[in-house]
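Colleague:
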Amino acid sequence: MSQVNALSNSGIRVSFEFFPPKSDKMEENLWRSIERLAPMQPTFVSVTYGAGGSTRERTHHTISRILNETDLTPAAHLTCVDASREDVGEVVRQYRDTGVKHFVALRGDSQAGVGGKYVAREDGYRNAVELVAGLKSIDDFEISVAAYPEKHPESPDFATDIDLLKRKVDNGATRAITQFFFDNDIFERYVERVRKAGIYIPIVPGIAPIHDFTKIARFAGATGASIPDWLARRFDGLEEDEQTRSHVAAAICAEQVLDLTRRGISDFHFYTMNRADLVYSICHILGLRAAQAQREDKAEAAAAA
1 MSQVNALSNS
11 GIRVSFEFFP
21 PKSDKMEENL
31 WRSIERLAPM
41 QPTFVSVTYG
51 AGGSTRERTH
61 HTISRILNET
71 DLTPAAHLTC
81 VDASREDVGE
91 VVRQYRDTGV
101 KHFVALRGDS
111 QAGVGGKYVA
121 REDGYRNAVE
131 LVAGLKSIDD
141 FEISVAAYPE
151 KHPESPDFAT
161 DIDLLKRKVD
171 NGATRAITQF
181 FFDNDIFERY
191 VERVRKAGIY
201 IPIVPGIAPI
211 HDFTKIARFA
221 GATGASIPDW
231 LARRFDGLEE
241 DEQTRSHVAA
251 AICAEQVLDL
261 TRRGISDFHF
271 YTMNRADLVY
281 SICHILGLRA
291 AQAQREDKAE
301 AAAAA
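Going by full-length UniProt numbering, the first residue of the sequence shown is number 1, and it counts up by one from there.
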């Protein structure tokens with residue numbers, strides 16, 4: 001049996017994260033990405049949510065289109081930023097009325113951006129622990145939360161960070177999705193810490209295909225994720241060679257995901273950046289393209305009948 005067929009029968013599950021478009025052109029690109037990745041049969045697709053009315057409206061519009069125009073299951077991101085508890089409750093009920101049953105509950109970044117000091121509203125939720133409880137008080141939603149293999153940059157230590165995760169779980173979180181990482185040993189050690197703390201919900205690795213090494217390195221620095229020296233060396237000298245850079249990025253991501261499957265991991269959440277090609281390549285390596293091929297074969301057979 002080939003490796004691809006073996007993987008396709010081993011229960012690999014994927015989910016994808018998208019962000020709401022800011023223009024008509026970006027919306028076209030988003031939907032091309034969604035259409036290309038839909039045949040991978042993701043368990044869900046999440047849509048990010050930022051502070052500010054226009055961004056929230058775009059998120060809601062994107063979620064509504066996914067519900068109305070695809071067979072995909074959407075998960076709506078929700079944050080505590082610049083919103084009262086009453087405001088959040090209203091948004092949640094609107095989503096529920098459109099058919100959303102899954103939320104990704106996050107505190108959210110500071111209004112000043114990643115790395116800035118977060119300030120909660122007096123009438124709002126202070127953190128994701130409280131937000132999860134608020135969601136559960138409205139309905140029995142599926143709730144995903146964030147986890148940090150290298151700890152959240154604002155946490156003083158791992159014990160505090162893992163205690164926050166446990167409190168989210170105690171309040172009703174059903175899944176944790178990690179910040180991206182590039183050293184699988186770090187993820188494995190983190191899961192061991194989490195299990196020792198009595199946390200048994202799925203810990204899904206967040207996977208970030210590297211479209212732009214400079215940008216991902218800068219973002220990693222702000223979020224507390226490390227960049228191994230070997231990873232930087234892989235992209236050394238490729239600043240002006242986009243084609244080779246893309247091949248290298250696909251190889252690196254494939255290596256990481258395949259190594260995680262050998263360690264017993266079967267669920268992966270891809271941060272797509274609304275770009276499908278690298279993610280599609282990894283899914284193909286995982287064997288998920290087989291599902292698409294089967295559907296195409298059935299469609300051709302039905303058309304010929």
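The beta-carbon is built from N, C-alpha and C at its ideal position, and this holds for glycine as well.
Residue 136 to residue 248, Cα distance in whole Å?
Modeller: Cα to Cα, the separation comes out at about 43 Å.
Colleague: Can you say whether residue 171 is buried or exposed, counting buried as having 16 or more other CB atoms within 10 angstroms of its CB?
Modeller: Buried, because 16 or more other Cβ atoms sit within 10 Å of the Cβ of residue 171.
Colleague: Cutting at 7 Å between CB atoms, please list the residues of its own chain near residue 42, excluding the five before and the five after it.
Modeller: Around residue 42: 14, 15, 16, 72.
Colleague: Going by DSSP in three states, residue 269 sits in which element: helix, strand or coil?
Modeller: Correct three-state label for residue 269: strand.
Colleague: Among the candidates 65, 240, 245, 223, whose CA atom is the shortest distance from the CA of residue 311?
Modeller: Given that the chain is displayed from residue 1 to residue 305, the structure contains no residue 311 and the question cannot be resolved.
Colleague: Let me confirm a value: residue 22 is counted as buried when at least 16 other C-beta atoms fall within 10 Å, else exposed. Which label applies?
Modeller: Per the 10 Å Cβ criterion, exposed.
Colleague: Would you mind listing the alpha helix (DSSP H) stretches within the segment 144 to 185 that are 4+ residues and don't spill past its ends, in chain order?
Modeller: Runs found: 158 to 170.
Colleague: Mapping DSSP to helix, strand and coil, what is residue 246?
Modeller: Here residue 246 sits in helix by DSSP.
Colleague: Check this for me: beta carbons of residue 201 and residue 169, under 8 Å apart or not?
Modeller: The answer is yes: Cβ separation under 8 Å.
Colleague: Identify every residue that forms a DSSP beta bridge with residue 102.
Modeller: 142.
Colleague: Express the C-alpha separation of residue 19 and residue 29 in angstroms, rounding to a whole number.
Modeller: Spanning the two alpha carbons is a distance of roughly 11 Å.
Colleague: Is it buried or exposed for residue 108, if we count other Cβ within 10 angstroms and need 16 for buried?
Modeller: With 16 or more other Cβ atoms within 10 Å, it is buried.
Colleague: Determine the extent of the beta strand (DSSP E) in which residue 281 is found, giving its start and end residues.
Modeller: Looking at the DSSP string, residue 281 is not in any beta strand (DSSP E); the run it does join, the alpha helix (DSSP H), is 277 to 286.
Colleague: What separation, rounded to the nearest whole angstrom, lies between the Cα atoms of residue 291 and residue 126?
Modeller: Per-residue confidence for residue 291 stands at a pLDDT of 49, beneath the threshold of 50, marking its modelled position as unreliable; the derived number appears in the next sentence. Going from the Cα of residue 291 to the Cα of residue 126 covers about 43 Å.
Colleague: Please report how far the alpha carbon of residue 56 lies from the alpha carbon of residue 182, in whole angstroms.
Modeller: Between residue 56 and residue 182, the C-alpha separation is close to 31 Å.
Colleague: Tell me which residue opens and which closes the alpha helix (DSSP H) that residue 30 is part of.
Modeller: That run of the alpha helix (DSSP H) goes 24 to 37.
Colleague: With DSSP as the reference, label residue 13 as helix, strand or coil.
Modeller: Residue 13 falls in the strand class under three-state DSSP.
Colleague: According to DSSP, is residue 227 part of a helix, a strand, or is it coil?
Modeller: Three-state DSSP puts residue 227 in coil, outside helix and strand.
Colleague: The beta strand (DSSP E) spanning residue 76 covers which residue range?
Modeller: Its beta strand (DSSP E) spans residues 74 to 78.
Colleague: Evaluate the contact criterion for the segment 96 to 108 versus the segment 120 to 134: three or more CB pairs, one atom per stretch, below 8 Å.
Modeller: A contact exists between the segment 96 to 108 and the segment 120 to 134.
Colleague: Between 38, 39, 65, 44, which has its C-alpha nearest residue 27's C-alpha?
Modeller: Of the candidates 38, 39, 65, 44, the one whose C-alpha sits nearest the C-alpha of residue 27 is 65.
Colleague: Pick helix, strand or coil for residue 46, following the three-state DSSP scheme.
Modeller: Three-state DSSP puts residue 46 in a strand.
Colleague: Buried or exposed for residue 276, please, with buried defined as at least 16 other CB atoms from any protein chain shown within 10 angstroms of its CB.
Modeller: Flag for residue 276 reads buried.
Colleague: Is the distance from the Cβ of residue 194 to the Cβ of residue 162 below 8 Å?
Modeller: Yes; because the gap between Cβ atoms is below 8 Å, this pair is in contact.
Colleague: Exposed or buried, residue 69, counting other C-beta atoms within 10 Å across all chains shown (16 or more means buried)?
Modeller: The residue in question, residue 69, is exposed, as its Cβ has fewer than 16 Cβ neighbours within 10 Å.
Colleague: Thinking C-alpha only, which one of 213, 89, 75 is nearest residue 130?
Modeller: The option with the nearest alpha carbon to residue 130 is 89.
Colleague: Using the DSSP secondary-structure output, state which residues sit across from residue 204 in a beta bridge.
Modeller: Per DSSP, 177.
Colleague: Buried or exposed: residue 196, going by 16 or more other Cβ atoms within 10 Å of its Cβ?
Modeller: Burial call: exposed.
Colleague: Quick one: what's got a C-beta closer than 7 Å to residue 101's C-beta in the same chain, skipping five residues either side?
Modeller: Counting only Cβ-Cβ distances below 7 Å, and skipping sequence neighbours, we find 141, 142.
Colleague: Any idea which residues DSSP pairs residue 18 with across the strands?
Modeller: Residue 18 pairs with 47.
Colleague: Helix, strand or coil: which one does DSSP assign to residue 256?
Modeller: Helix, per DSSP.
Colleague: Of the choices 280, 252, 82, 288, whose alpha-carbon is the least far from that of residue 32?
Modeller: It is 280 whose Cα lies nearest to the Cα of residue 32.
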